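Residue numbers (the working numbering): 60 to 323. Glycine is no exception: its CB is placed at the ideal position from the N, C-alpha and C atoms. Note that this is a predicted model, so its numbers are computed, not measured. Below: one structure, written as structure tokens.
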């Protein structure tokens, strides 16, 4: 009787334990389900964010690809425009120099020596200075004037004189004879005791190109090699055997001179 009661008591206790275990499992399962739902929701949110990010990355890549294509096209256009601009600038420079082909510049001629009638002064002064025998026909000068700007003080260099002749042949003759007289006199032509120089009237761009030869010209003089700077900017060198070499850039001429000893 006592044994049966004890067994019934144990059986009842087991049932309580099992019930508590079941309750605990259910509570744990409920918590796990809740946490799993939260995790799944977070994963779903992350997936949505990744999908959006992936979409934005794809869109950005497409835009970058389009921008790169446009940049390549733009680069090619810029290269083309630069070539066209260089071509047009060269043409403009040629036209400017063509418009100046009848002009000469006289440097270091005293201020006001031409008086109130500069055209008449230079019609007479140029033949008298360079040699009347070279001018069998009267010079025809269209206009003559000082370079624009205020008159400088007496202790400064006078303004250049710009002379426009009717014939380019007269311009070439004046420059040629002036250079010849300077070589014969071993110095520039003088007026009132001051050196006077004759130059062609060139564009600023062409003057710059010709000036780039200055260092090469100095080296040619030191090596006693005859040379001439031809129009527009070509250097001609005369070798001792009579051969002539022509150079379109100072770099070409300098490279040639590096292999040319003095007096050769």
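Got a sec? Which residues, its chain only, sit under 7 Å from residue 155 by beta carbon, not counting five neighbours each side?
-> Counted from its first residue, the chain shown places residue 155 at position 96. The answer, listed in chain order, is 262.
Beta-carbon proximity of residue 189 to residue 222, cut-off 8 Å = Within the chain shown, residue 189 is the residue found at index 130, counting from 1. Within the chain shown, residue 222 is the residue found at index 163, counting from 1. Taking 8 Å as the Cβ cut-off, residue 189 and residue 222 do not qualify as a contacting pair.
Can you give me the Cβ contacts of residue 279 inside the same chain, cut-off strictly under 6 Å, excluding the 5 residues immediately before and after it?
-> Here residue 279 corresponds to residue number 220 of the chain shown, with the count starting at 1. Cβ within range, chain order: 286.
What do you get for residue 283, buried or exposed, if any count of 16 or more other CB atoms within 10 angstroms of its CB means buried?
-> Counting from one through the chain shown, the residue named residue 283 turns up at place 224. With fewer than 16 Cβ atoms within 10 Å of its Cβ, residue 283 is classed as exposed.
May I ask you to report which of helix, strand or coil DSSP gives residue 180?
-> Looking up residue 180 in the chain shown gives position 121. DSSP places residue 180 in helix when its eight states are reduced to three.
Please work out which residues of its chain come closer than 8 Å, Cβ to Cβ, to residue 79, disregarding the five sequence neighbours upstream and downstream, and give them in chain order.
-> In the chain shown, the residue the question calls residue 79 occupies position 20. Answer for residue 79: no residue qualifies.
To which residues of the same chain is residue 178 closer than 6 Å at the C-beta, ignoring the five residues directly before and after it?
-> In the chain shown, the residue the question calls residue 178 occupies position 119. Answer for residue 178: 200 and 203, listed in chain order.
Closest by CA to residue 291, which one among 121, 149 and 133?
-> In the chain shown, counting from the first residue as 1, residue 291 sits at position 232. Looking from the CA of residue 291, the closest CA among 121, 149 and 133 belongs to 149.
How do the segment 207 to 215 and the segment 223 to 232 stand: do at least 3 beta-carbon pairs fall below 8 Å, yes or no?
-> Two segments are said to touch when three or more pairs of C-beta atoms, one from each, lie closer than 8 Å; by this definition the segment 207 to 215 does not touch the segment 223 to 232.
Residue 224 burial status per 10 Å Cβ neighbour count (16 or more: buried) | In the chain shown, the residue the question calls residue 224 occupies position 165. Counting Cβ neighbours within 10 Å, residue 224 comes out buried, since at least 16 surround it.
Would you mind reading off the limits of the alpha helix (DSSP H) that contains residue 233?
-> Residue 233 sits at position 174 when you count from the first residue of the chain shown. Taken as a continuous stretch (DSSP letters only), the alpha helix (DSSP H) holding residue 233 covers 227 to 244.
Does the Cβ-Cβ distance between residue 163 and residue 251 come in under 8 Å?
-> Here residue 163 refers to the residue found at position 104 when the chain shown is read from its first residue. Here residue 251 refers to the residue found at position 192 when the chain shown is read from its first residue. Contact: no.
First and last residue of the beta strand (DSSP E) that includes residue 203?
-> Counting from one through the chain shown, the residue named residue 203 turns up at place 144. 200 to 205 is the extent of the beta strand (DSSP E) around residue 203.
Could you spell out the range, first to last residue, of the beta strand (DSSP E) harbouring residue 261?
-> Taking the chain shown and counting its residues from 1, the one referred to as residue 261 is at position 202. Unbroken run through residue 261: none, as it is neither H nor E.
Counting along the chain, where does the beta strand (DSSP E) carrying residue 288 start and finish?
-> Translated into the one-based positions of the chain shown, residue 288 becomes position 229. Its beta strand (DSSP E) spans residues 286 to 289.
Taking buried to mean at least 16 other C-beta atoms within 10 Å of its own C-beta, is residue 294 buried or exposed?
-> Within the chain shown, residue 294 is the residue found at index 235, counting from 1. Per the 10 Å Cβ criterion, buried.
Nearest-angstrom Cα distance between residue 273 and residue 258?
-> As a working mapping, residue 273 is identified with position 214 in the chain shown. As a working mapping, residue 258 is identified with position 199 in the chain shown. Distance between the alpha carbons of residue 273 and residue 258 is about 16 Å.
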